[in-house]
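Take a look at the structure set out below.
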Amino acid sequence: MSPKTTSEMTWHEKKHPDDGFMRHPTDFLAWKSFNSQHPSFSVDPHNIRLELASDGFNPFGNMSMSYSIWPVVLVNYNLPPWMGMKDSYLMLFMLIPGPKAPTNDIDVYLQPLIDELEDLWES
Numbered sequence: 023m024s025p026k027t028t029s030e031m032t033w034h035e036k037k038h039p040d041d042g043f044m045r046h047p048t049d050f051l052a053w054k055s056f057n058s059q060h061p062s063f064s065v066d067p068h069n070i071r072l073e074l075a076s077d078g079f080n081p082f083g084n085m086s087m088s089y090s091i092w093p094v095v096l097v098n099y100n101l102p103p104w105m106g107m108k109d110s111y112l113m114l115f116m117l118i119p120g121p122k123a124p125t126n127d128i129d130v131y132l133q134p135l136i137d138e139l140e141d142l143w144e145s
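Residues in the sequence shown are numbered from 23 upward in steps of one, following my numbering.
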């Protein structure tokens with residue numbers, strides 16, 4: 023990681039403006055609730071906070087063809103929004119291909135990621 027990126031990894035704690043506007047997840051009640059429930063994690067602003075995002079699309083651009091692909095992406099919320107949403111900072115975890123959406127079976131695909139994140143949480 024570059025020194026510039028490293029210095030921005032604490033933006034959410036040290037540089038985020040506290041002006042009453044909701045600009046970043048740090049402004050939401052869920053973030054504050056997480057901090058109060060896990061004080062040992064929230065005390066160090068270098069601890070990485072991630073969002074899991076997924077949305078399917080038809081890679082062929084032909085809606086009459088029933089095929090979809092679902093990228094699963096991790097977003098780093100430590101970075102400022104103008105950095106964290108750039109391609110170079112988004113982490114593609116997996117692509118779920120198929121003739122249709124994974125629906126309720128998505129947990130089968132996500133289990134390896136959940137296991138890895140639980141290992142990181144515990145260590």
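Ideal Cβ placement from N, Cα and C applies to all residues, glycine included.
Under 8 Å between C-beta atoms of residue i and residue j
{"i": "Tyr131", "j": "Pro47", "result": "no"}
{"i": "Tyr111", "j": "Leu101", "result": "yes"}
{"i": "Leu74", "j": "Val94", "result": "yes"}
{"i": "His147", "j": "Met31", "result": "As shown, the chain starts at 23 and ends at 145. That puts residue 147 outside it, with no answer to give."}
{"i": "Leu139", "j": "Phe115", "result": "no"}
Local Cβ density within 10 Å of residue i, reported as buried at 16 or more and exposed below that
{"i": "His34", "result": "buried"}
For residue i, the three-state DSSP class (helix, strand or coil)
{"i": "Ser90", "result": "strand"}
{"i": "Leu132", "result": "helix"}
{"i": "Phe43", "result": "coil"}
{"i": "Pro119", "result": "strand"}
Proximal residues to residue i (C-beta, below 6 Å), its chain only, five neighbours per side dropped
{"i": "Gly78", "result": "Ser90, Trp92 and Ala123"}
{"i": "Asn57", "result": "Ser64"}
8 Å Cβ shell around residue i - same chain, five flanking residues per side excluded
{"i": "Met107", "result": "Val97"}
Residues that DSSP places opposite residue i in a beta bridge
{"i": "Phe79", "result": "Ile91"}
{"i": "Gly106", "result": "None; Gly106 has no bridge partner."}
{"i": "Asn98", "result": "Leu72"}
{"i": "Met113", "result": "Leu96"}
Proximal residues to residue i (C-beta, below 7 Å), its chain only, five neighbours per side dropped
{"i": "Ser29", "result": "none"}
{"i": "His38", "result": "His46 and Thr48"}
{"i": "Pro121", "result": "Ser88 and Tyr89"}
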